[in-house]
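Taking it in order: structure first as C-alpha cells, then the write-up.
Residue numbers (the working numbering), protein chains in the order written: chain A, 66 to 457; chain B, 64 to 346.
So, in C-alpha cells, the structure goes:
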C-alpha cells in the first residue's frame, strides 16, 4: 500500500515566531542574527528580506550593506524550541509517526495507518493547517505525497504559502521538469558534477542509467538514481523514538571559547543526565554534543558508548574528545547541549565476587554522592572540576 | 427525459475500499482509478477543492481513463470557503486554466460549487454568488447549498434563468441544512449528492464520522422512484454521486442504485414499450 506523508513547513520559522511576538514587525524586512559577534551570519530572514537579496548564512555585515535600516533580532533558540514542541503536540492527535527538525518549522507526518480514524490524508493536512493558523497564528505550507522526498520538494514549489498534493503515481512526472538542485539529498559536489555534464534538470539526469551514473558518482550513484525518480523509502521516525533521549543544556551568559569553562559546563550536564539515568535505572549507549556559536551557526558531533554507562566519570571521559570533535570553529560558543540516546536497562546481574577496580570505586563514590545530594540538596557536594572558575 | 445518466462516487482513492472489497487486495493508490473506471463511468474530483487544479496533472489523469469517462470537478475553496475580496477573480482564471484539459478532452461533467454552511442568503453572499456565476459563465455549473435559507423559489428561478444546476442533496435532517428536494433548474443537467444521513456525526468535523452511513435498501428504492418519476423527465443528462465513502459504503450504495434504476427501466420498457434512458455506469 502506498504511504501517505504530510509535510508541514512554516516558512522562515524563527522570523514567524518573532513576528508573532511582535506583530509590528510583520511585512517588514527582518533578520535573525546575533549582533554582538564579529563574524555573525544571518540565521533566518523574512520573505521581504529574502526579496532584497539577503540569504541564510550570509555575513551579517553584508546583509546590513544591502539594507542599512533593516531590523535585526538575536536568535532565541529556547523560544523556537518551545513553539516547535507545542506544534508537535497538536500533530500528535493524528499519528504517532511524526518527525521534525529541531528548530526549523518542518514536520513530517505518516498518516497511512490513521485514514480510518481521521479520513483522507489531504483532509488531515488541511485541518492541521487550520489548527496551526487558529492556535499559533502560523500559515504553514503543506503537501501530501507518498514519501518524504516528494513531499518536501512539493512544499519547496509553493514557498512561502500554499499547498501541493502529489497524487500516488505522479511522483516521476511531478519531479521531471524541476531543476535538479531542488531534490533533497543531493550534495554540492553532486550538483557540480551534474552541471559539468550539462545536466540541470531532473528529466535530463534521468536519461542516465545506474551504470552510467556509477562512473562519475561511484557509491552515491544509486542514491542519486533513486532521488531523481522520487524514490525515498526512508520512514518517518516516530516521535517516541526521538524522545527516548535525555538532554541537558547550558547557556553561557557571556559567549566563551574558554576550554576550562566548556569542560566544566559539560561535566555539570553529564552529572545531571547520569543522575536521571541512575534514578530511572537506565544506561546510555550514545551521546551527541551540539554547540551553538555566537553567530548563530551550530556544529555537532556524536559517538557510541561501548559499553553503555550511567557513570558520571566514564561518561565524561568519553564526552571530552566528543566536545573537541564538535568544536570546529574559533567563534565563541553561546550554548551547549548534550543529548544521550540508545537508552537501555542497567545490568541486573551483580557479580558475586566483584573485584575492586577504578571503575567500581568510582561507581561507589557516585552512589555515595547521590545519597548525600538526596539528603542535603544538589549543591551539597561537588567535584573539583566544577569548582574552578565561573561557568557563565 | 434523461438520456445519459452518470452514477459514481465522490472521489475514488480510499485505502479502506481495499478492506471493504471494492478494490482487490494489494491495490496501489496509483492503480485505483484504473480499477474504478472498470465499474463506474464518473467520479467527483475532491482534491480540486483543497488545491487549485494544475493542467499537466489533469491532463495525465484524463489520459488514464476511458473515452466516455467524466469528471465532476469541485471548485477550489478560495472561491467558496476562503473568499478574498479582489483576489477571487484571479483564482477563477487559474481554475479555468487548470481544468482546461478536462474541457479539451470532453471529460468535464460539470463544475461543482459546494458552498459552506455559513454561506447564508445574505445580500453580500447573493451578490458574490451572482458574480461568481458570471465569472464562470460558459462552464457547466452545479451549485450545492448547505444552508436552508437558499431553499427559495426566487433562487431556483434565478438558477433556471442562468441554466445552472441546483444540486439535490441527501443529508441528515438537521435544522439549518438545505432540505432534500427534487427541484431541477437546468433542463440540460441534474445533479444529486448522497452524503449519508448520519445526524450524529454530521457536525463532528471528522469526515469518517460525518460520512459514515450505509443507505438502507428502502431509502434507495424511494430515491430510485423519485429520480425516475420527478427528476429524469426534467433534464437531458444527470450525475449522481455518493459521498458516504467510509468503509466502502459509497460504491456499494451507488451500485445498488444503478441496479434499482436498471430494474425500473426494464420494468417500464416492458410495460410501456417506450424508449427511455441509458444509465452509463450500470451497463
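In this text, a Cβ means the ideal position worked out from N, Cα and C, and glycines have one as well.
Straight-line gap, residue i to residue j (C-alpha atoms, nearest Å)
i	j	result
residue 69 of chain A	residue 123 of chain B	21 Å
residue 342 of chain B	residue 133 of chain B	Only weak support is given to the placement of residue 342 of chain B: the predicted model assigns it a pLDDT of 46, under 50, and the value that follows is read from those uncertain coordinates. Cα to Cα, residue 342 of chain B sits roughly 13 Å from residue 133 of chain B.
residue 287 of chain B	residue 320 of chain B	7 Å
residue 318 of chain A	residue 392 of chain A	19 Å
residue 92 of chain B	residue 87 of chain A	45 Å
residue 135 of chain A	residue 120 of chain A	14 Å
residue 243 of chain B	residue 191 of chain B	24 Å
residue 193 of chain A	residue 151 of chain A	13 Å
residue 381 of chain A	residue 262 of chain A	49 Å
residue 277 of chain A	residue 300 of chain A	28 Å
residue 294 of chain B	residue 246 of chain B	7 Å
residue 198 of chain B	residue 146 of chain B	14 Å
residue 348 of chain B	residue 228 of chain B	Chain B is shown only over 64 to 346; residue 348 of chain B falls outside these bounds and no answer can be derived.
residue 389 of chain A	residue 148 of chain A	31 Å
residue 117 of chain A	residue 218 of chain A	24 Å
residue 398 of chain A	residue 154 of chain B	50 Å
residue 113 of chain A	residue 401 of chain A	32 Å
residue 146 of chain A	residue 313 of chain A	14 Å
residue 110 of chain B	residue 143 of chain B	14 Å
residue 235 of chain B	residue 158 of chain B	31 Å
residue 441 of chain A	residue 424 of chain A	25 Å
residue 114 of chain B	residue 229 of chain A	7 Å
residue 89 of chain A	residue 202 of chain A	14 Å
residue 121 of chain B	residue 112 of chain B	14 Å
residue 410 of chain A	residue 344 of chain A	11 Å
residue 225 of chain B	residue 194 of chain B	12 Å
residue 320 of chain A	residue 447 of chain A	24 Å
residue 407 of chain A	residue 349 of chain A	6 Å
residue 283 of chain B	residue 323 of chain B	8 Å
residue 204 of chain B	residue 264 of chain A	45 Å
residue 374 of chain A	residue 329 of chain A	20 Å
residue 438 of chain A	residue 428 of chain A	15 Å
residue 87 of chain B	residue 196 of chain B	41 Å
residue 460 of chain A	residue 405 of chain A	Residue 460 of chain A falls outside the range modelled here, since chain A spans only 66 to 457, and no answer is possible.
Cross-strand partners of residue i (DSSP beta bridge)
i	result
residue 256 of chain B	B:232 and B:304
residue 81 of chain A	Per DSSP, none; premise fails for residue 81 of chain A.
residue 366 of chain A	A:354
residue 69 of chain B	B:302
residue 123 of chain A	Answer is none; residue 123 of chain A lacks a bridge partner.
residue 136 of chain A	A:95
residue 404 of chain A	A:312 and A:353
residue 74 of chain A	A:171 and A:206
residue 244 of chain A	A:266
residue 163 of chain A	A:174
residue 177 of chain B	B:207
residue 321 of chain A	A:398
residue 228 of chain A	A:207
Proximal residues of chain A, C-beta to C-beta of residue i below 7 Å
i	result
residue 269 of chain B	183 and 184
residue 78 of chain B	66 and 180
Proximal residues of chain B, C-beta to C-beta of residue i below 7 Å
i	result
residue 188 of chain A	270
residue 462 of chain A	Because chain A here runs from 66 to 457, residue 462 of chain A falls outside it and cannot be looked at.
Closer than 8 Å at the beta carbon, the chain B residues around residue i
i	result
residue 229 of chain A	114
residue 238 of chain A	119, 120 and 123
Contacts that residue i makes with chain A (C-beta to C-beta distance below 9 Å)
i	result
residue 91 of chain B	66, 67, 233 and 234
Q: Mind the definition here: the region 241-251 of chain B touches the region 262-276 of chain B only if three or more C-beta pairs lie below 8 Å; say whether that holds.
A: no
Q.
Output needed in chain order: residues of the region 100-113 of chain B with a Cβ under 8 Å from some Cβ in chain A.
A. The residues in question are 109, 110 and 113.
Q) When the Cβ atoms of the region 66-81 of chain A are set against those of the region 172-186 of chain A, are three or more pairs found closer than 8 Å? A) yes
**Q.** the region 299-310 of chain B touching the region 93-102 of chain B, judged by at least three CB pairs closer than 8 Å
**A.** no
Q. Do the region 361-377 of chain A and the region 97-111 of chain A meet, that is, are 3 or more Cβ pairs less than 8 Å apart?
A. yes
**Q.** the region 74-94 of chain A / the region 159-170 of chain A touching (three or more Cβ pairs under 8 Å)
**A.** yes
Q. Are three or more beta carbon pairs between the region 189-204 of chain A and the region 91-98 of chain A nearer than 8 Å?
A. no
Q) Pairing CB atoms from the region 172-181 of chain B with CB atoms from the region 193-209 of chain B, are three or more of them under 8 Å? A) Judged by Cβ distances under 8 Å, the region 172-181 of chain B makes contact with the region 193-209 of chain B, as three or more pairs qualify.
Q: Pair every Cβ in the region 263-275 of chain A with every Cβ in the region 288-295 of chain A, then say whether three or more of these pairs are closer than 8 Å.
A: yes
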